[in-house]
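Colleague:
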Amino acid sequence: NAGVTQTPKFQVLKTGQSMTLQCAQDMNHEYMSWYRQDPGMGLRLIHYSVGAGITDQGEVPNGYNVSRSTTEDFPLRLLSAAPSQTSVYFCASSHPGRDYGYEQFFGPGTRLTVL
Amino acid sequence: GENVEQHPSTLSVQEGDSAVIKCTYSDSASNYFPWYKQELGKRPQLIIDIRSNVGEKKDQRIAVTLNKTAKHFSLHITETQPEDSAVYFCAASYSGYSTLTFGKGTMLLVSP
Chain A
1 NAGVTQTPKF QVLKTGQSMT LQCAQDMNHE YMSWYRQDPG MGLRLIHYSV
51 GAGITDQGEV PNGYNVSRST TEDFPLRLLS AAPSQTSVYF CASSHPGRDY
101 GYEQFFGPGT RLTVL
Chain B
1001 GENVEQHPST LSVQEGDSAV IKCTYSDSAS NYFPWYKQEL GKRPQLIIDI
1051 RSNVGEKKDQ RIAVTLNKTA KHFSLHITET QPEDSAVYFC AASYSGYSTL
1101 TFGKGTMLLV SP
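So the protein lines, in turn, are chains A and B. Under my numbering, the first residue of the first sequence carries the number 1, and numbering increases by one thereafter. Under my numbering, the first residue of the second sequence carries the number 1001, and numbering increases by one thereafter.
1. Using a Cβ distance threshold of 8 Å, determine whether the segment 21-29 of chain A contacts the segment 70-86 of chain A, with at least three qualifying pairs required.
2. In angstroms with no decimal places, state the Cα-to-Cα distance between Ser33/A and Ala92/A.
3. Can you find the residues in the same chain that come closer than 8 Å, C-beta to C-beta, to Ser1018/B, ignoring five residues on each side of it along the sequence?
4. Counting only runs that start and end within the segment 1031-1060 of chain B, where is the beta strand (DSSP E) found for 3 or more residues in a row?
5. Write down every uninterrupted run of the alpha helix (DSSP H) in the segment 35-61 of chain A whose length is 4 residues or greater and which is fully enclosed by it, in chain order.
6. Does the Cβ-Cβ distance between Asn1053/B and Asp1027/B come in under 9 Å?
7. Any Cβ of chain A within less than 9 Å of the Cβ of Leu1046/B?
8. Using a Cβ-Cβ distance under 9 Å, would Gln104/A count as near chain B?
9. In this structure, how does DSSP classify Asp73/A when only helix, strand and coil are distinguished?
10. Give a yes or no on whether 9 Å exceeds the smallest Cβ distance from Leu45/A to chain B.
11. Can you check whether the CB of Val88/A is closer than 9 Å to the CB of Gly109/A?
What follows is the structure, given as structure tokens:
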């Protein structure tokens, strides 16, 4: 199993450009999430999905869109990149927990710089 | 929503010493508390987790304690080694919920 994969590893954008960060998992996990990590801020939730066709907003959703057409893939779209979106982006997946949460498995991350 | 506070932000210890990192959470409905270790340039990786039906869990040199009444939980690392140097994150979530709320992290430096 490859686990959770993300592409690209690095990306530089100019302000106003759009792009899609790719995330895929081969563990048949129902839950997938996107987090951004900024120095001194921990990981903050952008969007998440509890299954194909179902998405919801997290703590910092502005400027990002997601969709989930398959169980395996959960792309994150930046509509019009801004310098404030310079960050490291992590995708994660997990099994659903009926009574308790379960371990989230993280992808290797995408380091995005917006000039 | 849930809020997780983590202290200290940095922690320096000598090899062989113990290290303790503390977190508090705000939502009494939270019942799952994982700890992640993140080495420089790498992804966060789970090192230990605890559910609210237990008060303590150990795995070799690592232990986590949970006080539901006070809404705080702690990570204890004994006999620290230089390879324990990393950023550690605590997190919280609740029943069946798919996402985690993270603390801001603690940079642990273990000096030989």
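Don't be surprised by glycine CBs; every beta carbon is placed ideally from N, CA and C.
Modeller: Well, looking at it:
1. The segment 21-29 of chain A makes contact with the segment 70-86 of chain A: 3 or more CB pairs, one atom from each, lie closer than 8 Å.
2. C-alpha separation (whole angstroms): 5 Å.
3. Answer for Ser1018/B: His1076, Ile1077, Thr1078, Glu1079 and Thr1080, listed in chain order.
4. Entirely contained in the segment 1031-1060 of chain B, the beta strand (DSSP E) runs reaching 3 residues are, in chain order, 1045-1051 and 1056-1059.
5. Fully enclosed alpha helix (DSSP H) runs of 4 or longer: not present.
6. With respect to Asp1027/B, Asn1053/B sits apart: the two C-beta atoms are not nearer than 9 Å.
7. The beta-carbon of Leu1046/B is placed less than 9 Å from the nearest beta-carbon of chain A.
8. Closer than 9 Å: yes.
9. In the structure shown, Asp73/A sits in a strand (DSSP, three-state: E or B).
10. Interface with chain B (9 Å Cβ-Cβ cutoff): Leu45/A is included.
11. Cβ atoms of Gly109/A and Val88/A: closer than 9 Å.
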